[in-house]
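Engineer:
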Amino acid sequence: MKNFKIKNDYKNFVKGLLSLNYLVIAPKYENGILKFSKIKNAAEILSPSEYINTVSSTKEYFFPQTEPVIKFTFEGKEIFLKDVEIGKKPKVVLGLRPCDAASFSILDDIFQYEYKDEFYFTRREKTIIIGAACESNDESCFCTTTGLAPDSSQGADLFIEKNNEEEYFLRAVTEKGERLVEQLIAEVEELEEEPKKNPLYEKIEKQIRKKIDLIEAKKWLDNNFENEKWEELSSQCLSCGSCAYLCPTCHCFDIVDEVNYNSGVRRKNWDACQFDLFTLHSSGHNPRDTKAKRYRQRVMHKFKYYADRFDKTLCTGCGRCIRACPVNIDIYEVVKEFAPLVEQN
Amino acid sequence: MNSISEIAKKLLDENRVSAVVGYSIGSLPNKTKTVIVKSSQQAEKLIFNNLCVNNLAIYLTKSFRLTTQKPVAVVMKGCDVKSVTGLIQEKQIEREQVFIIGVKCNGVSEDGKNLSPKCYSCKLQTPKMYDILVGEEEEKNIEFKNPFSDVEEFEKKSLDERWNFWMNELEKCVKCYACRQVCPLCYCEKCIVDKTVPRWIEPHTSKSSNLSWHITRAFHLAGRCTGCGECERACHHNIPLSLLNKKMAKVVYDNFNYQAGLDDKAKSPLADFKFQDKEDFIR
Amino acid sequence: MEEKILTSQFEPKIASFVCTWCTYTGADLAGTSRLKYEPNVRIIRLPCTGRIDYNLIIKAFENGADGILVSGCHPNDCHYSSGNFYARRRFIVFRELLQFIGIDVRRVQFAWVSAAEGAKWAKLVNKFTSEIKDLGQFTNYQKIKRDIFLEEAVI
Amino acid sequence: MINIYKPYLTRIQEIKIETPDTKTFKLRFDDSEVAEKFNFRAGQFGEYSIFGEGESTFCIASSPTRKGYIECSFKIVGKVTNALKKLDVGDVVGFRGPYGNSFPLEEMYDKNLIFIGGGIGLAPLRSLIWNCLDLREKFKDITILYGARSVSFLVYKDELDEWEKRADIKYYKTVDPGGETKEWNGKIGFVPKILDEICPKPENSVAITCGPPIMIKGVLKSLEKLNFKPEQVITTLENRMKCGFGKCGRCNIGKTYVCIDGPVFNAAELNQLPMDY
Numbered sequence: 007m008k009n010f011k012i013k014n015d016y017k018n019f020v021k022g023l024l025s026l027n028y029l030v031i032a033p034k035y036e037n038g039i040l041k042f043s044k045i046k047n048a049a050e051i052l053s054p055s056e057y058i059n060t061v062s063s064t065k066e067y068f069f070p071q072t073e074p075v076i077k078f079t080f081e082g083k084e085i086f087l088k089d090v091e092i093g094k095k096p097k098v099v100l101g102l103r104p105c106d107a108a109s110f111s112i113l114d115d116i117f118q119y120e121y122k123d124e125f126y127f128t129r130r131e132k133t134i135i136i137g138a139a140c141e142s143n144d145e146s147c148f149c150t151t152t153g154l155a156p157d158s159s160q161g162a163d164l165f166i167e168k169n170n171e172e173e174y175f176l177r178a179v180t181e182k183g184e185r186l187v188e189q190l191i192a193e194v195e196e197l198e199e200e201p202k203k204n205p206l207y208e209k210i211e212k213q214i215r216k217k218i219d220l221i222e223a224k225k226w227l228d229n230n231f232e233n234e235k236w237e238e239l240s241s242q243c244l245s246c247g248s249c250a251y252l253c254p255t256c257h258c259f260d261i262v263d264e265v266n267y268n269s270g271v272r273r274k275n276w277d278a279c280q281f282d283l284f285t286l287h288s289s290g291h292n293p294r295d296t297k298a299k300r301y302r303q304r305v306m307h308k309f310k311y312y313a314d315r316f317d318k319t320l321c322t323g324c325g326r327c328i329r330a331c332p333v334n335i336d337i338y339e340v341v342k343e344f345a346p347l348v349e350q351n
Numbered sequence: 359m360n361s362i363s364e365i366a367k368k369l370l371d372e373n374r375v376s377a378v379v380g381y382s383i384g385s386l387p388n389k390t391k392t393v394i395v396k397s398s399q400q401a402e403k404l405i406f407n408n409l410c411v412n413n414l415a416i417y418l419t420k421s422f423r424l425t426t427q428k429p430v431a432v433v434m435k436g437c438d439v440k441s442v443t444g445l446i447q448e449k450q451i452e453r454e455q456v457f458i459i460g461v462k463c464n465g466v467s468e469d470g471k472n473l474s475p476k477c478y479s480c481k482l483q484t485p486k487m488y489d490i491l492v493g494e495e496e497e498k499n500i501e502f503k504n505p506f507s508d509v510e511e512f513e514k515k516s517l518d519e520r521w522n523f524w525m526n527e528l529e530k531c532v533k534c535y536a537c538r539q540v541c542p543l544c545y546c547e548k549c550i551v552d553k554t555v556p557r558w559i560e561p562h563t564s565k566s567s568n569l570s571w572h573i574t575r576a577f578h579l580a581g582r583c584t585g586c587g588e589c590e591r592a593c594h595h596n597i598p599l600s601l602l603n604k605k606m607a608k609v610v611y612d613n614f615n616y617q618a619g620l621d622d623k624a625k626s627p628l629a630d631f632k633f634q635d636k637e638d639f640i641r
Numbered sequence: 179m180e181e182k183i184l185t186s187q188f189e190p191k192i193a194s195f196v197c198t199w200c201t202y203t204g205a206d207l208a209g210t211s212r213l214k215y216e217p218n219v220r221i222i223r224l225p226c227t228g229r230i231d232y233n234l235i236i237k238a239f240e241n242g243a244d245g246i247l248v249s250g251c252h253p254n255d256c257h258y259s260s261g262n263f264y265a266r267r268r269f270i271v272f273r274e275l276l277q278f279i280g281i282d283v284r285r286v287q288f289a290w291v292s293a294a295e296g297a298k299w300a301k302l303v304n305k306f307t308s309e310i311k312d313l314g315q316f317t318n319y320q321k322i323k324r325d326i327f328l329e330e331a332v333i
Numbered sequence: 170m171i172n173i174y175k176p177y178l179t180r181i182q183e184i185k186i187e188t189p190d191t192k193t194f195k196l197r198f199d200d201s202e203v204a205e206k207f208n209f210r211a212g213q214f215g216e217y218s219i220f221g222e223g224e225s226t227f228c229i230a231s232s233p234t235r236k237g238y239i240e241c242s243f244k245i246v247g248k249v250t251n252a253l254k255k256l257d258v259g260d261v262v263g264f265r266g267p268y269g270n271s272f273p274l275e276e277m278y279d280k281n282l283i284f285i286g287g288g289i290g291l292a293p294l295r296s297l298i299w300n301c302l303d304l305r306e307k308f309k310d311i312t313i314l315y316g317a318r319s320v321s322f323l324v325y326k327d328e329l330d331e332w333e334k335r336a337d338i339k340y341y342k343t344v345d346p347g348g349e350t351k352e353w354n355g356k357i358g359f360v361p362k363i364l365d366e367i368c369p370k371p372e373n374s375v376a377i378t379c380g381p382p383i384m385i386k387g388v389l390k391s392l393e394k395l396n397f398k399p400e401q402v403i404t405t406l407e408n409r410m411k412c413g414f415g416k417c418g419r420c421n422i423g424k425t426y427v428c429i430d431g432p433v434f435n436a437a438e439l440n441q442l443p444m445d446y
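Protein chains in written order, with our numbering: chain A, 7 to 351; chain B, 359 to 641; chain C, 179 to 333; chain D, 170 to 446.
1) Report buried or exposed for Met359(B), applying the criterion of at least 16 other Cβ atoms within 10 angstroms of its Cβ.
2) Look up Asp244(C) in the DSSP assignment and say whether it is helix, strand or coil.
3) Do the segment 190-206 of chain A and the segment 29-37 of chain A meet, that is, are 3 or more Cβ pairs less than 8 Å apart?
4) Listed from N- to C-terminal order along the chain, which residues in the segment 192-221 of chain C have their beta-carbon within a distance smaller than 8 Å of any beta-carbon of chain B?
5) Could you spell out where the alpha helix (DSSP H) holding Met7(A) opens and where it closes?
6) Quick check on DSSP: helix, strand or coil for Trp290(C)?
7) For Lys97(A), which residues in the same chain have their Cβ closer than 8 Å to its Cβ, ignoring the five residues on either side in sequence?
8) To the nearest angstrom, how far is it from the Cα of Ile429(D) to the Cα of Ala313(A)?
9) Per DSSP, what kind of secondary structure is Ile367(D) in: helix, strand or coil?
10) Would you list, in chain order, the members of the segment 553-577 of chain B that have their beta-carbon closer than 8 Å to a beta-carbon of chain D?
11) What residue from Gln189(A), Arg315(A), Asn275(A) and Cys246(A) has the CA that sits closest to Phe69(A)'s CA?
12) Reducing DSSP to helix, strand and coil, say where Ala377(B) ends up.
13) Could you check where the alpha helix (DSSP H) with Tyr264(C) kicks off and where it finishes?
14) For the beta strand (DSSP E) containing Ile39(A), list its first residue and its last residue.
15) Which of the residues in the segment 360-394 of chain B, read from start to end, lie with their CB under 8 Å from any CB of chain C?
16) Output yes or no for whether 9 Å exceeds the beta carbon distance between Val258(D) and Ile181(D).
17) Looking at chain A, which residues of the segment 533-547 of chain B have a Cβ within less than 9 Å of any of its Cβ atoms?
18) I need the straight-line Cα distance from Pro332(A) to Cys544(B), nearest angstrom please.
19) Can you look up Ser194(C) in the DSSP assignment and give me helix, strand or coil?
20) So with Cβ pairs under 9 Å, would you call Asn233(C) a contact of chain B?
21) Which residues in chain B have a C-beta closer than 8 Å to the C-beta of Gly38(A)? List them in chain order.
22) Alpha carbon to alpha carbon, how far is Pro54(A) from Asp15(A)? Give it in angstroms, no decimals.
23) Please list, in chain order, the residues of the segment 272-288 of chain C that have any C-beta partner in chain B closer than 9 Å.
24) For Asp279(D), tell me which candidate among Gly212(D), Cys301(D) and Val262(D) has the shortest Cα-Cα distance.
What follows is the structure, given as structure tokens:
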């Protein structure tokens with residue numbers, strides 16, 4: 007795939023993007039928090055060096071917290087269904103860290119398994135994902151454990167990186183990405199040769215928490231469904247669900263009807279396996295009635311069940327759950343409890 | 359002076375408590391981890407420092423089932439003890455069910471740098487109620503702030519400004535209900551938002567349903583919230599929940615001369631009345 | 179008989195939560211005494227003002243009420259002996275909360291109207307209706323309420 | 170865009186009150202094209218919805234051999250079922266499905282079938298029983314053992330009588346001790362105990378069971394004692410579901426999604442699952 011140099015600075019590149027009539031979504035400080043929001047002009051943009059990661063992940067732009075799936079109206083005994091329109095405007099999500107970009111290649115599997123969830127995929131198809139390599143990290147990051155790196159472009163269509171001369175360049179990862187760059191020819195210039203790696207990325211990779219052997223972790227999980235460790239690991243959990251709501255790969259949801267006079271809507275709302283109501287049957291039976299069982303479900307789903315089915319880990323090492331947990335339950339430390347570090351040379 | 363871990367060890371060895379809830383070194387440099395220690399071998403983990411911002415009173419609520427047979431020991435700062443008082447007051451626990459390891463606190467910090475906002479108006483460096491006390495009080499050189507100063511500041515705004523402020527803030531809410539889960543006084547077995555028949559508050563996120571939820575939360579805590587600030591700390595979207603709680607506390611203080619969490623015999627102000635309550639707004 | 183001419187003038191919707199023992203009977207008395215009063219109030223009868231949950235008030239606003247009138251027995255007249263005293267405390271706090279959030283509390287009015295005060299009820303409704311007319315439509319909620327059909331597909 | 174969340178509209182054609190807390194609806198598709206095309210296999214389930222209240226998961230209780238309609242039986246417990254109970258003939262019910270796997274009908278050909286049902290757990294079995302009875306010559310002996318907590322809680326009473334009268338079925342009915350009436354002519358005792366009494370032969374047989382968890386547990390034990398191999402024992406699982414197609418993450422038991430890999434499992438598969446149901 008081709009590489010392109012950004013001719014002027016990053017902001018000009020964004021200006022070019024905005025002029026193409028895309029809805030541009032990028033990290034932005036809004037009401038005191040850094041989150042992915044709509045960008046109206048290029049001045050609002052943060053360059054990849056200006057942030058580590060956002061508070062919430064980008065999944066909300068593909069699988070929103072709440073999403074109508076069908077609308078209906080009542081007329082006497084009759085019910086009329088109406089399909090839901092979803093945003094038609096093509097989007098560019100810009101500046102995702104490798105951990106966020108990779109989440110889509112993971113989520114795609116579940117959303118098209120047996121039944122294809124078009125709500126997710128319509129948005130996916132209309133959206134171009136431009137990842138950005140990490141220029142800094144914090145204590146929570148552990149993407150190397152999940153097989154990523156500060157400069158891995160997995161899941162992105164285009165990827166922004168710095169070469170060894172500290173200049174930004176674009177790596178076209180998919181054809182979709184390349185087609186976008188072709189429209190931006192005023193801002194970019196094709197590079198003849200492969201740009202030289204910036205040593206920064208390797209440095210960051212070394213700063214990130216050491217890599218855990220997830221194959222060993224899975225082996226342990228295969229044999230330890232019943233283990234008193236689960237009780238110990240989850241005893242302080244408050245079942246607040248912050249971890250699931252911020253996670254780029256958590257995808258559980260609830261379906262709820264809402265009605266207003268003679269019309270209503272059926273919605274998909276986020277839900278989390280840490281809530282005790284999540285699996286409660288109407289008979290009163292609850293298969294996961296204790297916190298230990300719920301926490302086991304979370305860890306097992308991420309590192310075993312998903313791998314069993316799709317051969318992928320349902321975690322990208324973004325560290326959001328670690329930053330958000332009010333009682334400092336650290337999934338990295340949890341996995342480290344039962345799996346060794348990978349020897350690094 | 360005994361250290362917390364020694365006390366915990368002794369309590370567990372003597373089989374006086376089922377568990378000791380306390381703080382240990384966290385996995386991140388500016389966080390401490392909550393631990394529930396059940397055997398004396400693990401008691402060494404327990405520490406106390408200025409990063410111990412959590413309110414551990416939450417672990418005394420029924421859903422944790424720690425107090426079922428034997429009492430449970432909890433490491434508590436002065437401010438946390440207020441929540442225990444609230445729980446005793448509302449008959450959620452008995453005083454005998456909890457062994458309070460009180461710590462003298464010189465202010466805590468959420469991020470390792472800045473003092474937690476709740477500490478500026480704290481007068482309870484030494485807990486009001488404890489079974490054993492540890493730590494030493496340092497001379498506090500923090501400038502004492504009126505706890506309601508930000509409420510008063512906010513009230514200078516016009517109605518529209520306030521409305522817009524809250525709409526902007528509440529729009530961020532994703533309804534994870536972490537604010538409810540971490541609150542020691544939100545112990546209802548079934549929260550109003552989880553009730554489906556009738557459904558008072560829709561589970562989707564929108565400005566109006568988020569507002570309903572936050573009105574509910576604030577109002578249900580009126581006269582009960584002790585200002586521990588856990589809700590605001592747990593909110594990853596930084597919604598200023600304490601501001602609402604403080605306003606409620608102020609109203610209750612101004613009108614009924616009541617402060618939450620100081621007297622375990624007192625009646626909660628909204629479960630009580632006086633004949634001479636204010637009536638000027640009623641026609 | 180005088181007939182009201184339909185004009186495009188703003189007619190507020192007022193939800194009125196009343197206690198069945200005093201105000202509802204009082205409103206009934208107003209009717210049987212043939213007292214004329216503004217038709218803008220929709221009376222919702224509840225057992226006691228102590229039953230009036232703040233959620234009812236919020237729901238009324240969400241569903242398009244421009245004003246809310248809560249009314250019950252005078253102090254010491256409560257059928258359940260003290261329901262109105264608890265309600266009074268609750269409203270002291272709730273009014274302040276609404277104000278803090280930025281809702282004009284002039285739209286939420288409380289009153290004591292006994293079973294004998296049909297005239298007071300009629301007067302109260304007339305006065306409150308004209309006040310709400312002066313305040314105009316309550317647009318705060320209309321702006322934020324997600325219309326489940328018109329909701330724009332943002333993303 | 171194909172909306173997998175969009176239900177078909179069906180109309181209630183008939184309502185039967187089975188027990189004090191169970192009703193059966195006979196539903197016909199509004200759209201005749203859908204009605205014609207709609208196909209399912211015994212054991213599959215669907216998401217039934219009442220608009221404005223929500224969706225609920227029940228199996229399809231009618232036989233796939235009876236075309237043109239579907240039936241569902243539900244116990245009135247939660248929000249949706251309480252709303253369903255109030256519906257009348259002619260009212261609209263949403264239906265998504267069929268979802269999940271089904272009973273391995275073809276593998277049962279030329280075998281003896283033993284159906285063991287309890288309470289409302291007869292519903293999925295009923296679909297299969299009628300399916301088998303409509304293709305009677307393909308199977309050998311058919312034995313049905315059905316029990317409920319008391320006489321009034323027996324579902325599909327008309328059909329039970331019909332089965333009792335049929336010469337090509339061995340039919341046993343039972344109620345829990347204390348649940349009998351004066352007129353009761355069936356057995357008295359818990360289902361596993363009666364199963365021990367009947368003592369079906371495992372040779373060339375398949376046992377299909379569904380009922381409350383406690384009964385299934387007992388039945389599995391009894392069948393094991395009777396030398397049934399785990400592969401010969403088939404049951405259906407029930408977990409809370411929302412989407413029905415493996416997305417919402419509610420019905421996971423280990424890596425298994427009950428909604429896609431289930432709800433029909435044989436005991437051998439069941440033994441492989443972690444105890445998370």
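Glycine included, C-beta positions come from ideal geometry on N, C-alpha and C. Just so we're clear, the structure is a prediction, and the values are computed from it rather than from any experiment.
Structural biologist: To lay it out plainly:
1) Taking the second sequence and counting its residues from 1, the one referred to as residue 359(B) is at position 1. Note on Met359(B): pLDDT 44, under 50, position unreliable in the model; no value is reported.
2) Locating residue 244(C) in the third sequence gives position 66, where the first residue counts as 1. Correct three-state label for Asp244(C): coil.
3) no
4) none
5) Within the first sequence, numbered from 1, the residue matching residue 7(A) stands at position 1. Here Met7(A) belongs to no alpha helix (DSSP H), and DSSP marks it neither H nor E.
6) Looking up residue 290(C) in the third sequence gives position 112. In the displayed model, Trp290(C) falls within a strand according to three-state DSSP.
7) For the purposes of this step, residue 97(A) is taken as the residue at position 91 of the first sequence. Within the same chain, Lys97(A) has close Cβ partners Tyr28, Leu29, Val30, Ile31, Tyr67, Arg129, Lys132, Thr133 and Ile134.
8) Sequence index remark: in the fourth sequence, residue 429(D) carries index 260 (1-based). Sequence index remark: in the first sequence, residue 313(A) carries index 307 (1-based). Approximately 17 Å between the Cα atoms of the pair.
9) Working through the fourth sequence from its first residue, we reach residue 367(D) at position 198. Three-state result, Ile367(D): helix.
10) Thr554 and Val555
11) The residue you call residue 69(A) lines up with position 63 of the first sequence. Nearest C-alpha to Phe69(A): Asn275(A).
12) Within the second sequence, residue 377(B) is the residue found at index 19, counting from 1. In this structure, Ala377(B) counts as coil in the three-state DSSP scheme.
13) On the third sequence, position 86 is the one that residue 264(C) refers to. Taken as a continuous stretch (DSSP letters only), the alpha helix (DSSP H) holding Tyr264(C) covers Gly261 to Ile279.
14) Residue numbering aside, residue 39(A) sits at position 33 when the first sequence is read from its first letter. Where Ile39(A) is concerned, the enclosing beta strand (DSSP E) stretches over Ile39 to Lys44.
15) none
16) If you number the fourth sequence from 1, residue 258(D) lands on position 89. If you number the fourth sequence from 1, residue 181(D) lands on position 12. Ile181(D) sits close to Val258(D), with the two beta carbons spaced by under 9 Å.
17) Lys533, Cys534, Tyr535, Ala536, Cys537, Arg538, Gln539 and Val540
18) On the first sequence, residue 332(A) is found 326 positions in, with the first residue counted as 1. On the second sequence, residue 544(B) is found 186 positions in, with the first residue counted as 1. Those two C-alpha atoms are separated by around 16 Å.
19) Walking along the third sequence from the start, residue 194(C) turns up at place 16. If DSSP states are grouped into helix, strand and coil, Ser194(C) belongs with the strands.
20) Position 55 of the third sequence holds residue 233(C). Output row for Asn233(C): interface = yes.
21) Stepping through the first sequence from its first residue, residue 38(A) is reached at position 32. In chain order: Asn596.
22) Counting from one through the first sequence, the residue named residue 15(A) turns up at place 9. Counting from one through the first sequence, the residue named residue 54(A) turns up at place 48. Computed Cα separation, rounded: 12 Å.
23) Phe272, Arg273, Glu274, Leu275, Leu276, Gln277, Phe278, Ile279, Gly280, Ile281, Asp282, Val283, Gln287 and Phe288
24) The sequence position of residue 279(D) within the fourth sequence is 110, counting from 1. For the residues Gly212(D), Cys301(D) and Val262(D), the minimum Cα distance to Asp279(D) belongs to Cys301(D).
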